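Chemist: Sharing a structure, written as structure tokens. Questions coming.
Number of protein chains: 2
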Amino acid sequence: MAEVGRRAPPRHEAELRVRAEALAGRTLGEIARALGRDARAAPGVRTKGRAGDLVERALGASAGSAAEPDFPSLGIELKTIPVDADGRVCESTFVCTIQLARIADESWADSWARRKLSRVLWVPVEADRPLADRRIARPLLWTPSPDEESALRSDYDEIASRIGLGAIADLTAHTGLYLQVRPKAAHGRARTSALGPDGEPLAVTPRGFYLRPTFTTLILSRYL
Amino acid sequence: MAEVGRRAPPRHEAELRVRAEALAGRTLGEIARALGRDARAAPGVRTKGRAGDLVERALGASAGSAAEPDFPSLGIELKTIPVDADGRVCESTFVCTIQLARIADESWADSWARRKLSRVLWVPVEADRPLADRRIARPLLWTPSPDEESALRSDYDEIASRIGLGAIADLTAHTGLYLQVRPKAAHGRARTSALGPDGEPLAVTPRGFYLRPTFTTLILSRYL
DNA sequence: ACGGATCCATCATTGGATCCAG
DNA sequence: CTGGATCCAATGATGGATCCGT
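Going down the list, the protein sequences come from chains A and B.
Its first residue numbered 2, the first sequence is counted upward by one per residue in my numbering.
Its first residue numbered 2, the second sequence is counted upward by one per residue in my numbering.
Structure below.
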């Protein structure tokens, strides 16, 4: 039985492709209405994340978790990506949170980051206008090319090794050509456990992996 | 600054006593109104826990946690206890959750259970009528007598030792003269970590310590 | 332009206890 | 009667990302 306001999960990739294509050209307001939901924001309330939530529901994605992609049975992750009127990427893309205390023991091959990025349905959504008026562009189902994956792994290895050495405090968003590390938290007081240079536990701001706009621009340009 | 709908914490025990005495004879509806809250339940919605929440707010108790009592600076725990029209205890009383994987290493002396029970403000509340109509009887500030504490420790030791042996699966609410073990969870699917006979991790239903009605009847009878 | 900080919705957990079948 | 199961409110953690000062 499908949850209210969410479509049933697609049974196979072809069904997901059809649903995704059907979103192209529609606004988030239209999509929300079809789901029996509301895409209007209360005054003074931000809408970060709501475009992603609406597209999830419209496509029948599960709520998502660190361990599983949005379409578990298909092995596909869903990402909305903000673009301007000319289709240019406006923002970086969050990939997943980093388990700072464990990443030293995890290679790229079995990392959450790689699993999240191994197959992604990109859904470009217009930015810079009221949520309900944002129009969806043509979605793209993507798997990293060998070159792309190699570049991501290179960034990952450098970042993971620096965290593994206990240098998280010195690691900024400057590191990484395509994949970078940035804070990921509800507010500045949030803390998670990391390990310092001598293996001692350290309470630090939670971090996540993000894809730089230069990288996602490359991906979307496959259509241009 | 006091939170909306909650009094400021009492500064000393005498202040708490005065506030508690002032509740005697009043209904939860009156108390809720004085706090700017509503003691009426929506149709079909249960009210488990709401009497406790209202009395907490009226007395200026903090939200409470496993590590701290409701009045941290006074070392006092607050418990509402349901009684019938004749003042007889209707239900068992939840004490605290059990850390199944750690209790083997904790004696009664430094247990959460003992800390929670070392000093308790009991607030009897009428049961068996709509929440807003329930009247509060005379509160009682209690510390276990040597005999009472000895009895509680005896129950605790037996329970803790059986859990320490990995026999949690065989431990029922039948064990314990005054202190017993019962499930404590939001629903039947909840699981927490325990240790089996060979020290292996085991996912089991979370449990809590409860005081049997026979024990709390003894306590309240100090007034009779 | 972009690195660091933050914001909303939803789900899980915890503290407050009571419900109810046998 | 009472042991096992459950229920609500509030808080914390997580996944969805965007905001904004320099």
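Where a beta carbon is used, it is the ideal one built from N, C-alpha and C, also for glycine.
Quantities reported herein were computed from a predicted structural model and do not represent experimental measurements.
Decide if G61 of chain B is buried, meaning its Cβ has at least 16 other Cβ atoms within 10 Å, or exposed.
Modeler: Classification for G61 of chain B: buried.
Chemist: Helix or strand or just coil, what does DSSP make of T215 of chain B?
Modeler: Note: T215 of chain B maps to helix in three-state DSSP.
Chemist: Tell me the residue span of the alpha helix (DSSP H) that contains W109 of chain B.
Modeler: Per DSSP, W109 of chain B belongs to no alpha helix (DSSP H) and is neither H nor E.
Chemist: Is E150 of chain B helix, strand or coil by DSSP?
Modeler: Helix.
Chemist: Expressed to the nearest angstrom, what Euclidean distance is found between the alpha-carbon atoms of S162 of chain B and S194 of chain A?
Modeler: Their backbone Cα atoms lie some 33 Å apart in a straight line.
Chemist: Quick one, which of A:F72, A:L79, A:A43 and A:A9 has its alpha-carbon nearest V56 of chain A's?
Modeler: Nearest C-alpha to V56 of chain A: A:L79.
Chemist: I think I160 of chain A touches W123 of chain A, with their Cβ atoms under 8 Å apart; what is that distance to the nearest whole Å?
Modeler: Not a contact, Cβ separation roughly 23 Å.
Chemist: If you pair each beta-carbon of the stretch 210-218 of chain A with each one of the stretch 177-188 of chain A, do three or more pairs fall below 8 Å?
Modeler: With the cut-off at 8 Å, the stretch 210-218 of chain A and the stretch 177-188 of chain A touch.
Chemist: Within 10 Å of its beta-carbon, does M2 of chain B have 16 or more other beta-carbons around it, so buried, or fewer, so exposed?
Modeler: Interpretation of M2 of chain B is limited by its pLDDT of 49, a score under 50 that renders its predicted location unreliable; the figure taken from the coordinates is listed afterwards. It is exposed - the Cβ of M2 of chain B has fewer than 16 other Cβ atoms within 10 Å.
Chemist: If you reduce the DSSP assignment to three classes, tell me which class S162 of chain A lands in.
Modeler: Three-state result, S162 of chain A: helix.
Chemist: In chain order, what residues of the same chain have a beta carbon less than 8 Å from the beta carbon of T206 of chain B, not counting five sequence neighbours either side?
Modeler: If we look at T206 of chain B and ignore the five residues flanking it on each side, its Cβ neighbours are P184, A186, G189, A191, R192 and T193.
Chemist: In whole angstroms, what separates the C-alpha of C91 of chain A from that of L153 of chain A?
Modeler: Each residue's alpha carbon lies about 20 Å from the other.
Chemist: Pick helix, strand or coil for D134 of chain A, following the three-state DSSP scheme.
Modeler: Looking at D134 of chain A - three-state DSSP - the assignment turns out to be helix.
Chemist: Inspect the beta-carbon positions of G165 of chain A and A105 of chain A and report whether they are closer than 8 Å.
Modeler: Closer than 8 Å, so yes.
Chemist: What residue range is occupied by the uninterrupted alpha helix (DSSP H) comprising R183 of chain B?
Modeler: Per DSSP, R183 of chain B belongs to no alpha helix (DSSP H); it is in the beta strand (DSSP E), L180 to P184.
Chemist: When the Cα atoms are used, what is the spatial distance from D129 of chain A to R41 of chain A?
Modeler: Distance between the alpha carbons of D129 of chain A and R41 of chain A is about 15 Å.
Chemist: How close, in whole Å, do the beta carbons of G6 of chain B and R38 of chain B come, if the pair is a contact with beta carbons under 8 Å?
Modeler: Confirmed, about 5 Å.
Chemist: With a 10 Å radius around its C-beta and 16 neighbouring C-beta atoms as the bar for buried, classify R115 of chain B as buried or exposed.
Modeler: Per the 10 Å Cβ criterion, buried.
Chemist: Out of B:L132, B:T98, B:P125 and B:R103, point me to the one whose CA is closest to K117 of chain B's CA.
Modeler: Cα-wise, what sits closest to K117 of chain B is B:T98.
Chemist: Which residue wins for smallest C-alpha separation from L203 of chain B, given the options B:V182, B:A102 and B:L219?
Modeler: The shortest Cα separation from L203 of chain B among B:V182, B:A102 and B:L219 belongs to B:A102.
Chemist: Mind pulling the beta strand (DSSP E) runs of 3 or more residues that sit fully within the stretch 69-125 of chain A?
Modeler: As far as the stretch 69-125 of chain A is concerned, its whole beta strand (DSSP E) runs of at least 3 residues are 78-84 and 94-98.
Chemist: Going by C-alpha to C-alpha distance, which of A:D54, A:G53 and A:G76 sits closest to T144 of chain A?
Modeler: Of A:D54, A:G53 and A:G76, the residue nearest in Cα terms is A:G76.
Chemist: Assuming V84 of chain A and E127 of chain A are in contact, meaning their beta carbons sit under 8 Å apart, how far apart are those beta carbons, in whole angstroms?
Modeler: Rounded, the Cβ-Cβ distance is 6 Å, consistent with contact.
Chemist: With distances taken between CB atoms, is the gap from A133 of chain A to P125 of chain A smaller than 8 Å?
Modeler: No, the pair does not count as a contact, with Cβ atoms beyond the cut-off.
Chemist: Count the other CB atoms, across all protein chains shown, that sit within 10 Å of the CB of V96 of chain A; report buried if there are 16 or more and exposed otherwise.
Modeler: When all chains shown are included, V96 of chain A counts as buried.
Chemist: Under a three-way DSSP split, which group does A64 of chain A fall into?
Modeler: Note: A64 of chain A maps to coil in three-state DSSP.
Chemist: Would A25 of chain A and P140 of chain A be called neighbours here (beta carbons separated by less than 8 Å)?
Modeler: In this structure, P140 of chain A lies closer than 8 Å to A25 of chain A by Cβ.
Chemist: Since A204 of chain B is in the beta strand (DSSP E), which residue starts that stretch and which ends it?
Modeler: Element bounds for A204 of chain B: P202 to V205.
Chemist: For a test of the three-state rule: what should DSSP assign to R208 of chain A, helix, strand or coil?
Modeler: Strand.
Chemist: Under 8 Å by Cβ, that's how I've got F72 of chain B and P147 of chain B pegged, so tell me the actual separation to the nearest angstrom.
Modeler: Contact flag wrong, Cβ pair sits at about 24 Å.
Chemist: Excluding five sequence neighbours on each side, which residues of the same chain lie with their C-beta closer than 7 Å to the C-beta of S112 of chain A?
Modeler: Cβ within range, chain order: Y157.
Chemist: Does L141 of chain A come out as helix, strand or coil in the three-state DSSP assignment?
Modeler: Strand.
Chemist: Kindly list the residues whose CB is nearer than 8 Å to the CB of G209 of chain B, restricted to its own chain and excluding five residues on each side of it in sequence; keep chain order.
Modeler: Excluding residues within five positions, the ones whose Cβ falls inside 8 Å are F95, V96, C97, T98, I99, V182, R183, P184 and K185.
Chemist: Could you give the first and the last residue of the continuous beta strand (DSSP E) run that contains L196 of chain A?
Modeler: That run of the beta strand (DSSP E) goes T193 to L196.
Chemist: So, using beta-carbon positions, are A59 of chain A and R8 of chain A closer together than 8 Å?
Modeler: In contact: A59 of chain A and R8 of chain A (Cβ atoms closer than 8 Å).
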